[in-house]
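Residue 675 in the working numbering sits at position 57 of the sequence shown, with consecutive numbering throughout. Just so you know, even glycine gets a beta-carbon here, dropped at the ideal spot from N, CA and C.
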Amino acid sequence: MNFSNLKYFLTAAEEMNFTKASHRLHISQQALSNHITKLEHELGTELFERGKSLSLTYAGHRLVETSNQILDLHNQFLAEVNDISGNIRGELTIGITHTRGQALLPLLLPEFHKEHPYINVKIEEANARELEESLQHGFVDLVLGFTPFFTVDAQVTEISPDRLFLVVPVSIMEDLYKEDCEKMREKFHETVDISAFKEQPFILLKKGDRIRTILDSYFKKQHINPHILLETSNIQTAFALSQRGMGICVYPEMFLRGATTLSASMMDTQHVDFYPLQSSTTTEQLAIAYNKDRYLSEAAKDFIALSQRILG
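As structure tokens, then:
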């Protein structure tokens, strides 16, 4: 039993289709079948039920778990050996949500690549819960997200505070404050209490979203029953609708930092103002988490330091 056979087996187990698995592995279907058959003969048991559809036997399920552990330990060992020998080659897998990655990775990865040109960076995009599971099981080296991280294995390094901003159409300010509009716009650029807009239409993210949870708590503390014009799952959709004057949305400061990485049309701020919310409960902590029980490579440490330098 060798590492290649285990990798081939895991790919077949993930795809549950030898044709798809062989395409992923860039080998012929017959070659993959031969590897699996050889592994089964070596172990003395079948790993797949080969009927109308492919399925794992009990032994196959157990080998999936064991193979992941073996390959993970092997990868950690290689990373440690690379650091000991001063070898600057290797891999770094970073977990991040899609929207967060769109804003932050263009600020970080070009600089990291300059400093570590031979490190192969892989990006795993998923929701926060899935990323924490990937961190716990060793599928990613780092997760860039917001505290708190709930997995007990997570070691957290804080990067920077992240405020929430109200995105207010200029047309709403003009209708609301008339001749005092410019004075109030200048005032609110320092800080704003959300109660100033309690009668205005809001475009919010759907319930269950992290930002929506923060806002709902904030509204409750302020005894505000907001006029919710509509809800969306995409924060960029909410922002685009605010640009068109439909209502007020909430936008994280980190996305404003990454504004130059978004399209010009997306970040056209001519028709909206950004006002920082006046509450400590609407300031979050951007952080990087890693699994404290796994070896942390020098490349991973350097990425954390780079993130603190650029985003901190």
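What residues are listed by DSSP as bridge partners for residue i?
i           : result
residue 772 : 909
residue 867 : 785
residue 850 : 823
residue 780 : 902
residue 673 : 667
residue 894 : 783
residue 582 : Not covered by the structure: residue 582. The range shown for the chain is 619 to 930.
For residue i and residue j, what's the separation of their Cα atoms in angstroms?
i           : j           : result
residue 646 : residue 743 : 29 Å
residue 698 : residue 684 : 21 Å
residue 919 : residue 669 : 48 Å
residue 864 : residue 927 : 37 Å
residue 922 : residue 793 : 46 Å
residue 710 : residue 917 : 7 Å
residue 808 : residue 783 : 11 Å
residue 689 : residue 637 : 23 Å
residue 897 : residue 830 : 15 Å
residue 806 : residue 893 : 6 Å
residue 677 : residue 632 : 15 Å
residue 880 : residue 834 : The predicted position of residue 880 is uncertain, since its pLDDT is 42 and thus under 50; no value can be drawn from it.
residue 790 : residue 803 : 11 Å
residue 696 : residue 720 : 30 Å
residue 866 : residue 642 : 46 Å
residue 735 : residue 907 : 23 Å
residue 654 : residue 824 : 46 Å
residue 762 : residue 728 : 16 Å
residue 816 : residue 795 : 14 Å
residue 715 : residue 682 : 27 Å
Grab me the residues of residue i's own chain with a C-beta within less than 8 Å of its C-beta, minus the 5 sequence neighbours each way, in chain order.
i           : result
residue 671 : 634
residue 733 : 920, 924
residue 915 : 697, 698, 700, 701, 708, 710, 759
Among the residues of its own chain, which have a CB less than 7 Å from the CB of residue i, if the five just before and after it don't count?
i           : result
residue 769 : 750, 753, 754
residue 890 : 785, 786, 787, 788, 860, 861
residue 624 : 685, 688, 689
residue 639 : 629, 630, 633, 650
residue 622 : none
residue 811 : 896
residue 667 : 673, 675
Using CA coordinates, which residue listed in the options is at the minimum distance from residue i?
i           : options            : result
residue 660 : 639, 620, 626      : 620
residue 745 : 826, 700, 773      : 826
residue 848 : 875, 888, 818, 674 : 818
residue 759 : 773, 622, 850      : 773
residue 854 : 869, 724, 725, 843 : 869
residue 724 : 895, 875, 904      : 875
residue 731 : 800, 708, 717      : 708
residue 717 : 909, 852, 673, 857 : 852
residue 737 : 701, 776, 905      : 701
So is residue i buried or exposed if we call it buried at 16+ other beta carbons inside 10 Å?
i           : result
residue 626 : buried
residue 680 : exposed
residue 713 : buried
residue 911 : exposed
residue 662 : exposed
residue 813 : exposed
residue 756 : buried
residue 878 : With a pLDDT of 45 at residue 878, under the threshold of 50, the modelled position of this residue cannot be trusted; read the value that follows with caution. Flag for residue 878 reads exposed.
What does a CB cutoff of less than 6 Å around residue i pick up in its chain, not counting 5 residues either side in sequence?
i           : result
residue 846 : 820, 822
residue 902 : 764, 780
residue 801 : none
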